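*Asks:* So the sequence shown is numbered by the numbering used here: it starts at 76 and just counts up by one.
By construction, the Cβ of each residue, glycine as well, lies at the ideal position given by its N, Cα and C atoms.
Computed from a predicted structure; not experimentally measured.
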Amino acid sequence: MTAELTFPYATDNRWIGLYKTLGLKGSDGVTLTDDGRLVATYGRFRVDTPVGNVVGWSASGPHRFWTAVGVRLSFTDDGLTFGTNHRRGLCIEFAERIPKVIGFKDHSALWVSVADVDGLAGALAEAAS
């Protein structure tokens with residue numbers, strides 16, 4: 076990868092109070108850095124791992140809003156959500172778990188509701204090749 080790419084979140088104005096509580100800023104989102112890292116920020120929460128640690132990704136949605144909006148743990152596994160809407164997002168899977176952001180265990184996946192889900196998926200595919 077040669078240039079830094081940033082994918083901002085697709086926000087939903089119904090959740091603006093939650094965004095403010097969690098400190099979400101317009102500059103938050105997922106960045107693939109020019110030095111080969113995936114950095115996702117959501118207010119005071121942050122994930123930082125080498126892009127080489129990404130082993131898969133899949134788009135999904137729509138979801139129930141209570142499982143997709145906010146910073147939360149998955150109900151079914153140790154996955155982490157950085158969600159700003161329930162319509163669509165990308166689940167990014169890691170070879171080695173990333174250090175815990177919330178909860179008691181490290182995370183094997185991160186679901187993000189970026190505005191350009193397909194663009195982030197394509198950039199991850201390009202970085203993996």
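Ends of the beta strand (DSSP E) at V105?
*Replies:* G104 to L107
*Asks:* Excluding five sequence neighbours on each side, which residues of the same chain lie with their C-beta closer than 8 Å to the C-beta of A202?
*Replies:* M76, L107, G111, V126 and V129
*Asks:* Please classify G244 as buried or exposed, where buried requires at least 16 other C-beta atoms within 10 Å of its C-beta.
*Replies:* Here the chain has residues from 76 to 204 only, and residue 244 is not among them.
*Asks:* Taking F82 as the reference, which of V144, I173 and T159 has the closest Cα?
*Replies:* The shortest Cα separation from F82 among V144, I173 and T159 belongs to T159.
*Asks:* CA-CA distance, A184 and G154?
*Replies:* 5 Å
*Asks:* What separation, rounded to the nearest whole angstrom, lies between the Cα atoms of L199 and L93?
*Replies:* 29 Å
*Asks:* Would a C-beta distance cut-off of 7 Å place T124 and L113 closer than the cut-off?
*Replies:* yes
*Asks:* Taking only the alpha-carbon atoms, compute the straight-line gap between E79 and Y117 and give it to the nearest angstrom.
*Replies:* 18 Å
*Asks:* Starting from A184, trace the beta strand (DSSP E) both ways and give me its first and last residue.
*Replies:* Going by DSSP, A184 is part of the beta strand (DSSP E) stretching over H182 to V187.
*Asks:* What does T205 pair with, by DSSP beta-bridge criteria?
*Replies:* No answer is possible for residue 205: it lies beyond the span of the chain, which begins at 76 and ends at 204.
*Asks:* From I167 to D193, what distance separates their C-alpha atoms?
*Replies:* 13 Å
*Asks:* May I have the straight-line CA-CA distance separating S204 from G145, to the nearest angstrom?
*Replies:* 32 Å
*Asks:* If I measure Cβ to Cβ from D87 and keep anything under 6 Å in the same chain, skipping five residues before and after, which residues do I get?
*Replies:* N160
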